[in-house]
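Novice: Numbering (our numbering), first residue to last: 3 to 419.
Glycine is no exception: its CB is placed at the ideal position from the N, C-alpha and C atoms.
This one's a predicted model, so the numbers in the text were calculated from it and none came from an experiment.
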DNA sequence: GCCCATGATTGTCC
DNA sequence: GGACAATCATGGGC
C-alpha cells in the first residue's frame, strides 16, 4: 500500500482507453466520497491486483480472484466501472442499435404468410394454386392433379422452412443462454451490468434474425420458382378432354349458320367444358377459321372453287348484309351434303336421297342429347334449309361430333377439332 | 423423329 | 372489343 502513488502513476490508463483513468476519476472525487483516503487506497489496491492478476500462476490468480470478489469495495468499484462504460462506449453503440422494422423483412413475412408457408397451415397454398389455375384455365381433372402437385411441393417448402426456422431459434436460444451465462460468470471479475448483458442478447438476436431473413428470402425464392413453374405448366397447351371437345363441336355444328356464341353461351359452354370463357372464344375462333379453310381447300382440290364461293358465316359483322351462311353454287350442295353426312370427302357419293341422310343425322344428334331446342326448331335439317339459296342455310354437320374415327379429310378433322 | 391436330398468341382490321 | 388470319408451340399418333 505504500507504493500506491507510484502504482497510480505507473498505470495511468487504468479504466477505459481514451477516457480519464479510474485513478484520476477517483482522485478527482467524481466517483468516490471526498476525503476518504482509506477507501481510495483500497480501490488502488484492487486495481493493482487486477492489473497484475495475469502475471500470476493460476492458483494464485484464483485465490486473488476470490479475494477480490469478496472485497468489500468490489461492488462499488464495479458499479463505477459499469457506469463509465454505460456513459461512453455502450451509449454510442446503443444509439446505433435503435433500428426501425426492416421493410424487406416485413415484405418477406407477408409473402410467406400469403403463400401459406408461414403462419398457420391453410391447405399448403391451395388458394394460390387455385388462383393460378383459374388465371390460366385448363381442364378440371388436370387441374386437380397439378394442384396436388403444387400443394405437395409447397408443403415440402413449408416443412423445410419450419424445420430450419426451429433450428435457428433453438441455436439462437442456446447461444444466448451460453453467452448470458458466460457474461454473468465474467461479471464476477469484470464490470458487466445487466443492461450490457441485455444488450448483448439483443445483438445476438439481431444476428440470428439476419440469418432467418436469409432463410425467409430463400424460401420466398423457392416459392416464386415453384409458382412460376406451375403457371408455366398451366400455360402449356393441353388438349381439352374429349367431352369438352364434343360439347364445343355440338354447339358449333348445331349453330353452323351462325357459330358465334353469345357471352352467355360462352359462359355456359365454359362451365360445361370446365374451361375458361376465353378458351371457348379461342376455340371458336380457331374452329371457324379452320373449318372455312378446310372447306376451301377441299373445294380447291375438286376444282369447284369460284372466287365468289368464299364461305362466309353469319358473323356479327356480316349478319346484316347477308342472310345466309353463304356457300352458294352448285358445288356447295355437293359438299354440304357430304358435310352433313360427316363422312370423308374422298370417294363419297352424294346420295340422291338427301332427306334420308338428314334423318340419319337427326338420329345421331338426338343421341348426343345436346341442343335439342335447336333441333326441334327444325331449322338446320330441313330440306328447305339445305336447299335454300342453293347453300347451307342453317345446315349443320353434327355427325362429326360423334365421329371421332373420321379420316383426315373429314369435316370434323378438317376443322381442327 | 416426323407429321398433323390443336390450343394459344399476336397483329390487323372493322 | 371482337373477329380474323397467321403463326407458334406442344401433344399425340404412327
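#1: Check for me: the alpha helix (DSSP H) holding residue 111 runs from which residue to which?
#2: For residue 268, count neighbouring Cβ atoms within 10 angstroms of its own Cβ and tell me buried if that reaches 16, exposed if not.
#3: Measuring straight from C-alpha to C-alpha, what distance separates residue 224 and residue 213?
#4: Can you give me the C-alpha to C-alpha distance between residue 216 and residue 184, rounded to a whole angstrom?
#5: Is the Cβ-Cβ distance between residue 70 and residue 51 less than 7 angstroms?
#6: Please say whether residue 72 and residue 195 have beta carbons closer to each other than 7 angstroms?
#7: May I have the straight-line CA-CA distance separating residue 421 from residue 53, to the nearest angstrom?
#8: Which class does residue 12 belong to by DSSP, given the choice of helix, strand or coil?
#9: Sort 42, 77, 47 and 169 by Cα distance to residue 66 and report the nearest one.
#10: Below 7 angstroms between beta carbons: does that hold for residue 429 and residue 218?
#11: Applying the criterion that 16 or more other CB atoms from any shown protein chain within 10 Å of the CB defines a buried residue, is residue 296 buried or exposed?
#12: For residue 206 versus residue 178, is the C-beta distance shorter than 7 angstroms?
#13: Please report how far the alpha carbon of residue 162 lies from the alpha carbon of residue 118, in whole angstroms.
#14: Let me confirm a value: residue 197 is counted as buried when at least 16 other C-beta atoms fall within 10 Å, else exposed. Which label applies?
#15: With residue 77 as the anchor, note down where its alpha helix (DSSP H) starts and where it stops.
#16: Go to residue 256, then tell me how far its alpha helix (DSSP H) extends in each direction, as first and last residue.
#17: Residues in its own chain within less than 8 angstroms of residue 173 by CB, not counting five upstream and five downstream?
#18: Among 275, 104, 298 and 250, whose alpha-carbon lies nearest the alpha-carbon of residue 286?
#19: Going by Cα to Cα distance, which pick from 74, 81, 208 and 270 is closest to residue 104?
#20: Buried or exposed: residue 186, going by 16 or more other Cβ atoms within 10 Å of its Cβ?
#21: Assign residue 119 to one of three DSSP states: helix, strand, or coil.
#22: Alpha carbon to alpha carbon, how far is residue 156 from residue 80? Give it in angstroms, no decimals.
#23: Do you know how far the Cα of residue 239 is from the Cα of residue 252?
#24: Excluding sequence positions up to five away, which residues of its chain have a Cβ less than 6 angstroms from the Cβ of residue 472?
#25: What number of angstroms, rounded off, separates the C-alpha of residue 202 from the C-alpha of residue 181?
#26: Mind reading off the beta-carbon distance from residue 254 to residue 289? Whole number of angstroms is fine, and I expect it under 8 angstroms.
Specialist: For this structure:
#1: Here residue 111 refers to the residue found at position 109 of the first chain. 105–116 is the extent of the alpha helix (DSSP H) around residue 111.
#2: Position 266 of the first chain, counting from 1, holds the residue named residue 268. Flag for residue 268 reads buried.
#3: Taking the first chain and counting its residues from 1, one reaches residue 224 at position 222. Taking the first chain and counting its residues from 1, one reaches residue 213 at position 211. Looking at the two C-alpha atoms, the distance is approximately 17 angstroms.
#4: In the first chain, the residue the question calls residue 216 occupies position 214. In the first chain, the residue the question calls residue 184 occupies position 182. Spanning the alpha carbons of residue 216 and residue 184 requires a straight line of approximately 28 angstroms.
#5: On the first chain, residue 70 is found 68 positions in, with the first residue counted as 1. On the first chain, residue 51 is found 49 positions in, with the first residue counted as 1. Less than 7 angstroms divides the Cβ of residue 70 from the Cβ of residue 51.
#6: Here residue 195 is taken as the residue at index 193 of the first chain, counted from 1. Here residue 72 is taken as the residue at index 70 of the first chain, counted from 1. Not in contact: residue 195 and residue 72 (Cβ atoms no closer than 7 angstroms).
#7: Given a span of 3 to 419 for the chain in the structure shown, any question on residue 421 remains unanswerable.
#8: The count along the first chain starts at 1 and reaches residue 12 at position 10. For residue 12, the predicted model reports a pLDDT of 41, less than 50, meaning its position is unreliable and no value from the coordinates is stated.
#9: What you label residue 66 is simply residue 64 of the first chain in a count that begins at 1. Distances from the alpha-carbon of residue 66 to those of 42, 77, 47 and 169 put 47 closest.
#10: Look at the range of the chain in this structure, 3 to 419, and you will see that residue 429 is not part of it.
#11: Here residue 296 is taken as the residue at index 294 of the first chain, counted from 1. With 16 or more other Cβ atoms within 10 Å, it is buried.
#12: Within the first chain, the letter at position 204 stands for residue 206. Within the first chain, the letter at position 176 stands for residue 178. Less than 7 angstroms separates the beta-carbon of residue 206 from that of residue 178.
#13: Numbered from its first residue, the first chain carries residue 162 at position 160. Numbered from its first residue, the first chain carries residue 118 at position 116. Whole-angstrom Cα-Cα distance: 13 angstroms.
#14: As a working note, residue 197 is residue 195 in the first chain. When all chains shown are included, residue 197 counts as exposed.
#15: The residue you call residue 77 lines up with position 75 of the first chain. Unbroken alpha helix (DSSP H) run through residue 77: 76–89.
#16: Numbered from its first residue, the first chain carries residue 256 at position 254. For residue 256, the enclosing alpha helix (DSSP H) has its first and last residue at 244–256.
#17: Taking the first residue of the first chain as 1, we reach residue 173 at position 171. 210.
#18: Within the first chain, numbered from 1, the residue matching residue 286 stands at position 284. If we check each option's Cα against that of residue 286, 250 comes out closest.
#19: On the first chain, position 102 is the one that residue 104 refers to. Considering only alpha carbons, the answer is 208.
#20: One-based indexing of the first chain puts residue 186 at position 184. When all chains shown are included, residue 186 counts as exposed.
#21: Taking the first chain and counting its residues from 1, the one referred to as residue 119 is at position 117. Coil.
#22: Along the first chain, read from residue 1 onward, the residue named residue 80 stands at position 78. Along the first chain, read from residue 1 onward, the residue named residue 156 stands at position 154. So the alpha carbons of these two residues sit roughly 55 angstroms apart.
#23: Counted from its first residue, the first chain places residue 252 at position 250. Counted from its first residue, the first chain places residue 239 at position 237. Cα to Cα, the separation comes out at about 22 angstroms.
#24: Outside the displayed range of the chain (3 to 419) lies residue 472, so it cannot be described from this structure.
#25: Looking up residue 202 in the first chain gives position 200. Looking up residue 181 in the first chain gives position 179. Answer to the nearest angstrom: the Cα atoms are 8 angstroms apart.
#26: On the first chain, residue 254 is found 252 positions in, with the first residue counted as 1. On the first chain, residue 289 is found 287 positions in, with the first residue counted as 1. Your pair residue 254 and residue 289 checks out as a contact, with CB atoms roughly 6 angstroms apart and the cut at 8 angstroms.
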